[in-house]
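Asker:
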Amino acid sequence: MVNDADDADAPTRREYVKYGGAIIGGGLLAGCSSDGEDSTATPEAAGADTATATPTPEAAGTESAAPTETETATPDGPYTVSMAPVGEVELASVPTDVMVYSLLYADMAVAYGHGDAVNSLGFDAEAGGNTLDAYYERLDGVAFDREGLAQLNTGSGSLTVDTELFYELDSDLHLVDPALVASFDGWNQPDIEEIAETIAPWFGNAFSRNHGQPPEAYRDDYEYYTLWEIAERVAAVFRERERYERLAAVHADLRERIHSDLPPESERPRVGAVIFVDGTFYPSTINTPGFANAHVRPLGATDAFADGDVTYESTYDYEELLEVDPDVLLHQFGIASYYDVGQVRETLADHPVGSRLTAVEDDAVYPSANPVQGPLMNLFQLEMTAKQLYPGRFGEWPGYSAGDPYPEIPEGERLFDRERVADIVAGDF
47 MVNDADDADA PTRREYVKYG GAIIGGGLLA GCSSDGEDST ATPEAAGADT
97 ATATPTPEAA GTESAAPTET ETATPDGPYT VSMAPVGEVE LASVPTDVMV
147 YSLLYADMAV AYGHGDAVNS LGFDAEAGGN TLDAYYERLD GVAFDREGLA
197 QLNTGSGSLT VDTELFYELD SDLHLVDPAL VASFDGWNQP DIEEIAETIA
247 PWFGNAFSRN HGQPPEAYRD DYEYYTLWEI AERVAAVFRE RERYERLAAV
297 HADLRERIHS DLPPESERPR VGAVIFVDGT FYPSTINTPG FANAHVRPLG
347 ATDAFADGDV TYESTYDYEE LLEVDPDVLL HQFGIASYYD VGQVRETLAD
397 HPVGSRLTAV EDDAVYPSAN PVQGPLMNLF QLEMTAKQLY PGRFGEWPGY
447 SAGDPYPEIP EGERLFDRER VADIVAGDF
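Take any residue in the sequence shown, note its place counting from 1, add 46, and you have its number in this note's numbering.
In C-alpha cells, the structure reads:
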C-alpha cells in the first residue's frame, strides 16, 4: 500500500520534475522521469522515463533483499510471474518481443541475456543507448543494440504514448508499469485494460523509484520494491533465475566491501545531489527510500538537504545553496548525458558566489548517477559514488569528460569484478 506521498500526476512544472524532459539544441534533454512518481526528480539524458519541457531536478543496507519466489512453472510449459501493481501474470513462453519504457528495464533485459527482446524505449533510443553503452564499455562482450527501436514518447511538450503504437509493435509483453501509463495524457483505465486483453499483459513497477503516489486506481494494490527485488521479478519473466542470483551475489559482495570500510559517521561528508540548469539548482535527497538512491544511500553520507523539506518544487539559487554549502556536490545524470559536469564545475568556479562553495573550492563537484538504474548500472554507480565520497577508503575517482564512457579504472582499484559480471551476462557460469 502506498503512502500519501506527493501527487505526481499534474503537468508543466510537475512534469518537468517528474519526468524531466527539455528541448535543448533540437535534442531532448531527457528527464529522470520519476516514472510518474518522483517527488524530487531531476532531468536525465538517457532518453528513458522522460517527458516535457524544462529541467528539474534509497538508509544504507536496504537494497539487498532475501530471495522471494516470483515464478511458478514447469520447465517447458506456461508459467506465472508476479509483481505489483498487476499481480500474477501468466506467460506461455519467454517473451521475445518486449515493450520497454525505462532504462531500468532495458538494463535488466541486457543483464539477463535478453537485450535483443527490447523493441522500444520511452524516448530517443540513441540517447538511452549511449547511457547504457557508457557502462557496458567496461564489460567485455556486453552491448545494447538500439537500432530500429521504437520511440514511445514524442517528447513534443506533453507526456503521452499513442495507443496505436501498442498495436503496431504487437509485443509479447509490456515491461511497463500500467500505473505510469495511466498518468499519461489521453489515457484512461479502459485503455490500459484493452491493451492487456487484446495484445499482451503489463509487467512493471515505476513508483518504487521514490515511493511516490500512483494514480488512484492503483493505490490499493501498489507495493514498493527495492531495485534488486524488481530485478528478481524481471529475471523470472525471462526465466533467468541463475543469472539473477549470480548478479545479486556480486552486488552483495560490493555492498559488503563498501559497508565494511565506511568511515565513522562523524567523518562522512555532507552531500548535495543536484541538477544545475541556467543558474538554478534542483535538489534531490540522497537517503530517502526508492531505487533512485540505490547508488548513494548505501554510502551512508550526510544529506545536505535533509533539513530543507525538499519537494518537486524546490529550487536553490547560488546564495541559498551557499547557505547549505555541501562538502560534495553530485550532479545527477552526469555520465553520457546532456549535462557536461566539467562545464558546470567551471561555471560555478567563475561565479562570485558559486566559487565560494566548499565543493567548488575542494574540487568536489562530480558527475553522478542516473537514478533510473538497472542492476548493471547500479554496480558501476555504487563504485563511482564510493570513490567520489570516500577516496581515502576506496581509491580516487579518476575523473570524467562529457561524452566519454565510464572511466577505465585499474584492475587493483576496482570494487567489483568486471569479468565476472560479463560472464554472467553471457551465460558463462
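We treat Cβ as the ideally placed atom computed from N, Cα and C, and that holds for glycine.
1. What residues in its chain sit with their C-beta under 8 angstroms from that of H397, if we drop five residues either side in the sequence?
2. Is the distance from the Cβ of L376 to the Cβ of S414 below 8 angstroms?
3. Taking DSSP's pairing of strands, which residues face F327 in a bridge?
4. Thinking I304 and A432 are a contact (beta carbons under 8 angstroms), I'd like their distance in whole angstroms, please.
5. How should N234 be labelled, buried or exposed, when 16 other C-beta atoms within 10 angstroms of its C-beta is the threshold for buried?
6. Can you name the residues that DSSP bridges to L376?
7. Nearest-angstrom Cα distance between G71 and L198?
8. Since I believe V135 is in contact with F249 (beta carbons under 8 angstroms), could you give me their beta-carbon distance rounded to a whole number of angstroms?
9. Using a Cβ-Cβ cut-off of 8 angstroms (strictly less than) and excluding sequence neighbours within five positions of F475, which residues of its own chain qualify?
10. Residue ranges of each alpha helix (DSSP H) run of no fewer than 4 residues wholly in the segment 234-282, ordered along the chain?
11. Can you tell me the Cβ-Cβ gap for A180 and I455, rounded? I've got them flagged as a contact below 8 angstroms.
12. Please identify the residue among D223, R184, T244 and N256 whose C-alpha is closest to the C-alpha of E210.
13. Decide if the segment 442-457 is in contact with the segment 312-324; the criterion is three or more beta carbon pairs, one per stretch, under 8 angstroms apart.
14. With DSSP as the reference, label N333 as helix, strand or coil.
15. Roughly how many angstroms separate the alpha carbons of I241 and D143, rounded to a whole number?
16. Classify P329 as buried or exposed, calling it buried when 16 or more other Cβ atoms lie within 10 Å of its own Cβ.
17. Taking its Cβ as the centre, do 16 or more other Cβ atoms sit within 10 Å of P444, making it buried, or is it exposed?
18. Output yes or no for whether 8 angstroms exceeds the beta carbon distance between G473 and G133.
19. Check whether the segment 175-191 and the segment 294-301 are in contact - that is, three or more C-beta pairs closer than 8 angstroms.
20. Using C-beta distances below 6 angstroms, list every residue in its chain close to E429, excluding the 5 sequence neighbours before and after it, in chain order.
21. Comparing C-alpha positions only, which one of R402, D355 and T272 sits nearest to P344?
Answerer: A quick look at the data gives this:
1. Y364
2. For L376 and S414, yes; Cβs fall inside 8 angstroms.
3. F322 and Y362
4. 5 angstroms
5. exposed
6. A319 and Y412
7. The predicted model places G71 with a pLDDT of 27, which falls under 50 and marks its position as unreliable, so this point remains unresolved.
8. Contact between F249 and V135 holds: their C-beta atoms lie close to 6 angstroms from each other, under 8 angstroms.
9. E288, R292 and D469
10. 235-244
11. In fact, because the Cβ distance is near 14 angstroms, the residues do not count as touching under 8 angstroms.
12. T244
13. no
14. coil
15. 15 angstroms
16. Flag for P329 reads buried.
17. exposed
18. no
19. Short answer: they don't touch.
20. Counting only Cβ-Cβ distances below 6 angstroms, and skipping sequence neighbours, we find L461.
21. For P344, the closest alpha carbon among the candidates R402, D355 and T272 is that of T272.
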